[in-house]
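> The structure under discussion is supplied below as structure tokens; questions concerning it will follow.
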Amino acid sequence: MYLFSEFQVFPFFILMVLWAVGGWLISARLFDLKPVERHLIGFSLGLILSNWLANLLARILPIPFAFWASALLVLGFGILLAWPMRKDLRSMLSFSWGQWLAFALLAFFFTLINRGLAMLDDYAHLPLVSIMGAGNIPPQFPLDRNINFGYHYFLLLLGAQYMRVAGAAPWVALDLARGLTMALFFLLAGLLAYRITDQTMAQVWGTFFAALAGGSRWLLLLLPPSIVSAISASLHLLGSTGQNGVTLASLINGPWLIDGSGPVPFPFAFVSGINNPGNMALSGTGLFPFLIVVTLVLTAPRIRHRLAWLIICILLAALPLANEVVFGMLGFGLGLAILFWSIRNRSLRFPPSLRNWILVFVVSGFVAAFQGGMLTEIARGLLFKNPAAQSSYYNVGFRLVWPPTIVSAHLGSLSLIQPLQLLMALLEIGPVFLVFPLLLVRGWKQLSGENWLEAGVLFSGLVSLAALFIEYSGTGGVRETVRLSGYFLMPATIYAVPLVWLYIQKRRQAFHILALTGALITVLSGIVLLSVQLYAMSKPVVSYYMNDLDAKAYQKYWNRLPSNAMVFDPDSGRAVTIFGRYTNTSDSWYSDKPEYTALVQAPDPYAVRAAGYDYMYYNYFYWLANKKLIDAPCAKLVDQFTDIHQATGESGDFRRLVDITSCTR
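In this text, residue positions in the sequence shown follow the numbering used here: the first is 8, and each later residue adds one.
Set out below in structure tokens:
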């Protein structure tokens, strides 16, 4: 299989073993888990703890030593907890072949799928992985190192580990990171369903539901065209979806027009701008934040030693690095749990268990303010309001809206008081919203058992509903509001199977039929999209803005140019990915600086050198259009990678790396 030729399997496997063994020892000693739960929960603990430590150690240790040291620290901590190996711990030793086989197969399966896809901001994520792999942790904005980049880079950091430990290229490393975290999240969601129901079939359903549950836009295909046209006329589409005057009615029977979607396009009717299924979690965060949440839910009620609070604190601190919105929603959810407990008990004298959670959240929030990511940028902006200070990429802003709306990343703002737009919003979300009352009921019950973390997760959906009256107005635009208003889908998806399972268990057959029908409607979009993804498995790609010639340049020159070198490339993100070096081309991913645009239009090596660049990297077609300027005597060819046509033996496209340090006047 081609995948095993794209990275070094042995060091990759050793790193995984360190996480698994260290995490298992920690889970066995600090948490009261069942034998069937320890393996995957332990692996998740080892993975998250090691990745979080790597984020800190990379600032004081060279890479890849920081990555190996973080894994060894997790293993060492587990050994210290277990030493001496007492009888009770030896009795816990077991090996669940079925779980590990399922994990390996799912991780392999989704990694192969990801290797054939290059969608959802690949142009932004690959440069970041490359920059971090070269040792820039936390990263600045890849296209201008003078801009602070408060990004949720936890998944990308895992990809950077695979770059340096396993020798994977950024596009392979990120696919490995996504595939592994996707598989682990799906299986832990199934494990949660098993814990709640004590039913193996519920575990299987929970796993598949977490992977495939999504929206039900496809139901528009069953509606009369007149209704679809009426809905379409009321919408203002966002982003690339709304370009060239297209409408929902014209798109619903066609493909989803998105870069990097693989050999077969995804049908537009089966994707969603609010609730895409888990197998489509191909963004820069992936499913890592939800993996952390489900790991917390599985471990928090089973604390058996006070040192477990340290682990919980680290998991919570890692969460904003994975997604700061999820951390904020969870914090507000805990606040609601405290409020409901106070109302129910008519008291503000909190039990010791609650005081522990308040302290842990405060400490983790304090750590998050200094560890990197968006919360660090927010803290920096609040503490150091200096106009001369280094600028930040992200501006955060909100505004109140009326009437209440839910934002679809494809279809725009959907008003909840307009019947047609309300119908469209419900179709974008899918039937999973129907389990929301069950979430609140279980959340209320968790208050009695003082299970504060799970209550916070379950009540956090209420906070998400408050976002119906808020619209995001910062960097990224209104479509980023989806991260707030669509958050409640996470607990709904995780808990849907076990809670519905318990609800219908002793009810009439009609409830069973309704539940099964709702489940099939919910997962159909995921099944259809998965069938399209299968076509991508055998056709791995570098990315939609790079090809095999760029991969050859990467293999030879990544992280080998001087550390402060800048490479001029008419496609700026490409050079950052290939060489692992910052550039100075843009203020954002979406707009270039005027001076860079001028250089792209007239690439005189003397002018490019005067702008601070040391090298130029370009393809045949760019050279053909600008060769009178580019072929200056001062420009020294470093290397050229040429595509040779097999049939004729003639050269075609090429990539050239040119040294322009001598181009001075």
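Just so it is clear, CB atoms sit at the ideal spot from N, CA and C, and this is done for glycine as well.
In the structure shown, what three-state DSSP assignment does L314 receive?
Within the sequence shown, numbered from 1, the residue matching residue 314 stands at position 307. L314: coil per DSSP, three-state reduction.
> By Cβ distance, which residues of its chain are closer than 7 Å to D80, with the 5 residues on each side in sequence left out?
The residue labelled residue 80 in the question sits at position 73 within the sequence shown. The sequence shown places Leu at residue 80, rather than the Asp named in the question. Excluding positions up to five away in sequence, the list reads L60.
> Just reading off the alpha helix (DSSP H) that L88 is part of, what are its end residues?
For the purposes of this step, residue 88 is taken as the residue at position 81 of the sequence shown. It spans F72 to A89 - the alpha helix (DSSP H) in which L88 sits, taken as one unbroken run.
> Once the 5 residues before and after F648 are set aside, which same chain residues still bring their CB inside 7 Å of it?
Here the question's residue 648 lines up with position 641 in the sequence shown. Only L556, K559, A560, F661 and R662 meet the Cβ criterion.
> Can you tell me where the beta strand (DSSP E) with K600 in it begins and where it stops?
Residue 600 sits at position 593 when you count from the first residue of the sequence shown. It is not in any beta strand (DSSP E) - K600 carries neither H nor E in the DSSP assignment.
> Answer with buried or exposed for Q428, where buried requires no fewer than 16 other C-beta atoms within 10 angstroms of its C-beta.
Here the question's residue 428 lines up with position 421 in the sequence shown. The residue is buried, with at least 16 neighbouring Cβ atoms inside 10 Å.
> Could you have a look at K546 and say whether DSSP puts it in helix, strand or coil?
Position 539 of the sequence shown, counted from the first residue, corresponds to residue 546. Note: K546 maps to coil in three-state DSSP.
> Given a threshold of 16 other Cβ atoms within 10 Å of its Cβ, counted over all protein chains shown, does H519 qualify as buried or as exposed?
As a first step, residue 519 must be located in the sequence shown, where it is residue number 512. Exposed.
> Which first and last residues belong to the alpha helix (DSSP H) in which K513 is found?
Within the sequence shown, residue 513 is the residue found at index 506, counting from 1. K513 -> no alpha helix (DSSP H), and no H or E assigned at all.
> Using 10 angstroms around the beta-carbon of A395, count the other beta-carbons present and answer buried if the total reaches 16, otherwise exposed.
Sequence index remark: in the sequence shown, residue 395 carries index 388 (1-based). For A395, the predicted model reports a pLDDT of 47, less than 50, meaning its position is unreliable and no value from the coordinates is stated.
> From G340 to G468, what does the alpha carbon distance come to, in whole angstroms?
Here residue 340 is taken as the residue at index 333 of the sequence shown, counted from 1. Here residue 468 is taken as the residue at index 461 of the sequence shown, counted from 1. One C-alpha to the other measures close to 7 Å.
> Hey, quick one: how far does the alpha helix (DSSP H) through I365 stretch, first residue to last?
The sequence position of residue 365 within the sequence shown is 358, counting from 1. Segment P359 to A375, the alpha helix (DSSP H) holding I365.
> To which residues does DSSP link G419 through a beta bridge?
Here residue 419 refers to the residue found at position 412 of the sequence shown. Answer is S415, bridged to G419.
> Whose C-beta lies closer than 7 Å to the C-beta of R672 among residues of the same chain, with five residues either side of it excluded?
Taking the sequence shown and counting its residues from 1, one reaches residue 672 at position 665. Same-chain partners within the cutoff: Y613.
> Rounding to the nearest angstrom, what Cα-Cα distance links V665 and Y629 in this structure?
On the sequence shown, position 658 is the one that residue 665 refers to. On the sequence shown, position 622 is the one that residue 629 refers to. So the two alpha carbons sit approximately 14 Å from each other.
> Relative to the alpha-carbon of L135, which residue among L150, N58 and V369 has its alpha-carbon at the smallest distance?
If you number the sequence shown from 1, residue 135 lands on position 128. Among L150, N58 and V369, the Cα nearest to that of L135 is on L150.
> Who are T649's beta bridge partners in DSSP?
Start at 1 with the first residue of the sequence shown, and residue 649 comes out as number 642. T649 is bridged to F661.
> Tell me the DSSP bridge mates of I477?
The count along the sequence shown starts at 1 and reaches residue 477 at position 470. Note: I477 sits in a beta bridge opposite L407.
> Using DSSP with H/G/I as helix, E/B as strand and the rest coil, what is A395?
Residue 395 sits at position 388 when you count from the first residue of the sequence shown. In this prediction, A395 scores a pLDDT of 47, lower than 50, which makes its location untrustworthy; no coordinate-derived value is stated.
> How many Å lie between T254 and H243 at the Cα?
Against the sequence shown, residue 254 aligns to sequence position 247. Against the sequence shown, residue 243 aligns to sequence position 236. The alpha-carbon atoms of T254 and H243 are separated by roughly 8 Å.
> Quick one: is L133 near chain B, going by C-beta distance under 8 Å?
This model lacks chain B altogether; it includes just one protein chain.
> With three or more beta-carbon pairs closer than 8 Å as the criterion, would you say the region 435-446 touches the region 524-537?
yes
> Would you check if the distance between the CB atom of T529 and the CB atom of S239 is smaller than 8 Å?
Position 522 of the sequence shown, counted from the first residue, corresponds to residue 529. Position 232 of the sequence shown, counted from the first residue, corresponds to residue 239. The Cβ atoms of T529 and S239 do not sit closer than 8 Å to each other.
> Between V301 and the rest of its own chain, which residues show a CB-CB distance below 7 Å, the 5 nearest in sequence each way excluded?
Stepping through the sequence shown from its first residue, residue 301 is reached at position 294. Excluding residues within five positions, the ones whose Cβ falls inside 7 Å are F192, L195, A196, L199 and I501.
> Could you give the distance in angstroms between the alpha-carbon of I55 and the alpha-carbon of A325?
Position 48 of the sequence shown, counting from 1, holds the residue named residue 55. Position 318 of the sequence shown, counting from 1, holds the residue named residue 325. Near 7 Å, if we compare the C-alpha coordinates of A325 and I55.
> Taking its Cβ as the centre, do 16 or more other Cβ atoms sit within 10 Å of G105, making it buried, or is it exposed?
Reading the sequence shown from its first residue, position 98 is the one you call residue 105. Its Cβ having fewer than 16 others within 10 Å, G105 is exposed.
> Compare the C-alpha of S257 against each of H159, A237 and I321 and name the closest.
Within the sequence shown, the letter at position 250 stands for residue 257. Nearest neighbour of S257 by Cα position, chosen from H159, A237 and I321, turns out to be A237.
> Would G221 pass as a contact of P284 if the rule is Cβ separation under 8 Å?
Taking the sequence shown and counting its residues from 1, the one referred to as residue 221 is at position 214. Taking the sequence shown and counting its residues from 1, the one referred to as residue 284 is at position 277. Cβ distance < 8 Å, so G221 and P284 count as in contact.
> On a CA-only basis, which of H417, A416, P411 and P308 is nearest N363? Give me that one, please.
Start at 1 with the first residue of the sequence shown, and residue 363 comes out as number 356. Comparing Cα positions, the closest option is P308.
> Would the beta-carbon of I48 fall within 8 Å of that of L40?
Sequence index remark: in the sequence shown, residue 48 carries index 41 (1-based). Sequence index remark: in the sequence shown, residue 40 carries index 33 (1-based). In this structure, L40 lies closer than 8 Å to I48 by Cβ.
> I'd like the span of the beta strand (DSSP E) that includes N282, first residue to last.
Within the sequence shown, numbered from 1, the residue matching residue 282 stands at position 275. Membership of N282 in any beta strand (DSSP E) is not indicated, and neither H nor E is assigned to it by DSSP.
> Inspect the beta-carbon positions of M573 and G619 and report whether they are closer than 8 Å.
To locate residue 573, count along the sequence shown from 1; it is residue 566. To locate residue 619, count along the sequence shown from 1; it is residue 612. Contact flag set, yes.
> Within a Cβ cutoff of 6 Å, which residues of the same chain sit near R490, ignoring the five residues on either side of it in sequence?
Numbered from its first residue, the sequence shown carries residue 490 at position 483. Taken in chain order, the residues that qualify are V332.
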